Every structure is written in C-alpha cells, then in structure tokens.
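Taking it in order: structure first as structure tokens, then the write-up.
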DNA sequence: ATCTTTGTTCGTAATATTACGAATGATAAT
DNA sequence: ATTATCATTCGTAATATTACGAACAAAGAT
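Protein chains in written order, with our numbering: chain A, 378 to 478; chain B, 378 to 478.
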C-alpha cells in the first residue's frame, strides 16, 4: 500500500484489516478455529489433517504468527502452536465493535 | 486454491474466510464501517474522503460486492452503495461463532 | 558420531492483489 | 443533439499470495 503517511484510517480499522487478512484463507481459518477451541497443537497434527504440503502449511502458520494471532514454541523436534491470547482478545474486541455484536 | 474436491473445510470456515478476505484491507474496512453505520452512501463521497484513485476505489467496491457484503444501485448518474443486510447478518453470525463473542 | 524425526527455508512458478491514468459508458441537464 | 457528471472498465505495472518439492536445520534417539 502506498497511500499518504497521514492516512484516513483509524488505528482500529488498520488493525482489524490486518487480522481479517490473516483470517482470509480457509487453511488459516481452520487453524485458528482449532487453536481457539483447544489449548494448543503440533504442526504435525495439522499437516496430517490438511490437504496441503508441509511447506505450504508452514507459510500459513508464519502468516498467522506475523499477524500476531498465534505463537509457536519449540518443543524439539516439534513445534507447539498456541493462540496468542492477548492479540486474540484484541481481535475479538475489534470485530465485536466493528460488527456490533 | 487447488486442494482436493472434498475439502477438509466446513462451509462455515469457507464462508468466514471469504468474508474475512473481503475485510482484509483498510479501504474496505473503512467502507464497511461507514455503510454499516449509516444507511447508504455514494461512491463520490467515498472518493472524496479516501486517498486513492477513483478507479482503485471502484475495484475495492467490486470486491465487496463480489463477496456479497455490499450492493450498489444505480441512481444515475451516481451509484448508491448500501450494506447487503442479509449477508452482513450472516457475517456477523459467522464471526460471532468463530470468535465466540 | 550417525540416523531419524520434525519443521522451516529456499527456489520457483502461477495467479491474485493493489494501484494508476486513460478510455469508455450511462444518464441527466442544457 | 451536445455537453456535463459520475462511475466503471481497460490496459498496465509492481508486488503479494499460494503452492509445491528439494534442501537444510535442530535436536533427540541409537
């Protein structure tokens, strides 16, 4: 996005858009739904369930991480992924406000 | 997306992802917020407020229309855009469920 | 020390997104 | 009929996304 420094957009709009973008793919929706329901999971579990290459899954997980919605901690040789509770809560609030629900 | 015919994803996940994707840009977030608050608006109003070319705005509006979140009716020579109430409600429900709020 | 397991990163390709200005279309006003 | 207004579509370019398999990295098990 180029768009002038002093944007017209509120901080909230930009944050909500960022989260929405991260949610904007079935694979990432699937992961988020799973992780928000149970505590955590291993990348391998997801890989077994999803019809995509491991490397592709890694990319999606990275996007969710970059957006701040999940976090991964190494539990060698595996990686345990969990929801990032703080940001998840923020996303909940933002969408609650935005959607007025 | 290629991914096998019989996807692992639920209808809800796919729909929610579709809506989320449409919301995943500040301009579109801005438009949605405006339209969900007031009844309707004209493309020109948006164009005045937003730091993007008219043609770019048109593209964003088309995306929101294609996702089903807004609808435009011609009121020549202008176009009046409104929220698509039915689908907006569906999106509210989907996100409510997804985010558990 | 080597092998195994697990995930990420790299290299690559196809497609989608975002953006602009110019051209076009559609209708109202003159 | 011509002109003015408003918005979309077209043509184009730069960048991002999505996907794959191969190569690599990290750490536990043998």
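C-beta: ideal position from N, C-alpha, C; glycine also. What you are looking at is a predicted structure, and each value in this text was computed from that prediction instead of being measured.
Residue i - partner residues in DSSP beta bridges
i                      : result
residue 447 of chain B : B:460
residue 452 of chain A : A:455
residue 419 of chain B : B:457
Counted within 10 angstroms of its Cβ, other Cβ atoms place residue i as buried (16 or more) or exposed
i                      : result
residue 431 of chain A : exposed
residue 403 of chain A : buried
residue 415 of chain A : exposed
residue 478 of chain B : exposed
residue 436 of chain A : exposed
residue 398 of chain A : buried
Residues of its chain near residue i, where Cβ-Cβ distance is below 6 Å and the 5 sequence neighbours each way are ignored
i                      : result
residue 450 of chain B : 457
Residues near residue i by beta carbon distance below 8 Å, same chain, minus five either side
i                      : result
residue 411 of chain B : 418, 423
residue 447 of chain B : 408, 409, 412, 438, 441, 458, 459, 460, 461
Sequence-distant residues of the same chain with beta carbon closer than 7 Å to residue i, five excluded per side
i                      : result
residue 462 of chain B : none
residue 473 of chain B : none
residue 471 of chain A : 389, 392, 393, 396
Residue closest to residue i, alpha-carbon to alpha-carbon, out of the options
i                      : options                    : result
residue 421 of chain B : B:445, B:453, B:474        : B:453
residue 427 of chain B : A:405, A:439, A:409, A:386 : A:386
residue 434 of chain A : A:445, A:406, A:413        : A:406
Contacts that residue i makes with chain A (C-beta to C-beta distance below 8 Å)
i                      : result
residue 407 of chain B : 385, 386, 390
Proximal residues of chain B, C-beta to C-beta of residue i below 9 Å
i                      : result
residue 454 of chain A : The premise fails here: residue 454 of chain A is roughly 25 Å from chain B at the closest Cβ pair, so nothing lies under 9 Å.
Contacts that residue i makes with chain A (C-beta to C-beta distance below 7 Å)
i                      : result
residue 469 of chain B : 476, 478
residue 394 of chain B : 400, 401, 402, 403, 406
Partner residues on chain B for residue i, Cβ-Cβ distance less than 7 Å
i                      : result
residue 426 of chain A : 385
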